[in-house]
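Peer 1: Sending over a structure as structure tokens; questions will come in a sec.
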Amino acid sequence: HLAALLATDFDYLRTAGVDPAVVKGCVTLDTGVYNIAKATENSRAADRTRMLEIVFGSDPEQWKRFSPLTHVATGTDLPPFLVVTQDSRSDAVYQAIPFVQALKSAGSPARLYEAKGLDHSGVNLWLGSPEENLTLVVERFLERYR
């Protein structure tokens, strides 16, 4: 989430004295929140709703500010994105897929990659393993946009 936010809302980088041009690409690993309002709306579990409120507060205006999707717009010079989701992630339909579609519409080379056979922990555990296709996909992305 934070990587996507930094790569879509350059104000954070500028405030830190960092030129946004240094961002050559962004890889997100099984992020579940590109649109906080949609995440809270679709949350069916009380624990998940509580976690979202703890992390992002309960103010819908703050949710917009902290949602990477909010900052995706044509002419904002967005970097390329590789958006990785776990196998059959249920919220990808209203989080990752619309995010990638918005990025593409805004002119960013964006790709969605579903890590078949891996859950959230597996994405993190197996990234870097030479036997895992996810590693190859991420390496190719990084080589292409470095």
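Quick note: the sequence shown uses the numbering used here, first residue 30, plus one each step.
Where is the CB? At the ideal position from N, CA and C, for every residue including glycine.
Every value quoted in this text rests on a predicted model; they were computed, and no experiment measured them.
Exposed or buried, Ile83, counting other C-beta atoms within 10 Å across all chains shown (16 or more means buried)?
Peer 2: Along the sequence shown, one-based indexing puts residue 83 at 54. Result: exposed.
Peer 1: If you draw a straight line from the C-alpha of Thr44 to the C-alpha of Leu35, how long is it?
Peer 2: Position 15 of the sequence shown, counted from the start, is the residue given in the question as residue 44. Position 6 of the sequence shown, counted from the start, is the residue given in the question as residue 35. Going from the Cα of Thr44 to the Cα of Leu35 covers about 11 Å.
Peer 1: How would you write the range of the beta strand (DSSP E) that Arg94 sits in, first residue to last?
Peer 2: Your numbering for residue 94 matches position 65 in the sequence shown. No beta strand (DSSP E) holds Arg94; the alpha helix (DSSP H) holding it covers Pro89 to Phe95.
Peer 1: How many whole angstroms separate the CB atoms of Thr37 and Val101, which I take to be in contact at a CB cut-off of 8 Å?
Peer 2: Sequence index remark: in the sequence shown, residue 37 carries index 8 (1-based). Sequence index remark: in the sequence shown, residue 101 carries index 72 (1-based). That pair is a contact at about 6 Å.
Peer 1: Are the beta-carbon atoms of Phe110 and Ala75 separated by less than 8 Å?
Peer 2: Counting from 1 along the sequence shown, the entry for residue 110 is found at position 81. Counting from 1 along the sequence shown, the entry for residue 75 is found at position 46. No; because the gap between Cβ atoms is not below 8 Å, this pair is not in contact.
Peer 1: Can you grab the Cα-Cα spacing for the pair Gln124 / Gly46, in whole Å?
Peer 2: To locate residue 124, count along the sequence shown from 1; it is residue 95. To locate residue 46, count along the sequence shown from 1; it is residue 17. Answer to the nearest angstrom: the Cα atoms are 30 Å apart.
Peer 1: Write down the C-beta distance between Leu107 and Ile126 rounded to the nearest angstrom, noting that I regard them as a contact closer than 8 Å.
Peer 2: The residue you call residue 107 lines up with position 78 of the sequence shown. The residue you call residue 126 lines up with position 97 of the sequence shown. With a Cβ gap of about 17 Å, Leu107 and Ile126 do not count as contacting.
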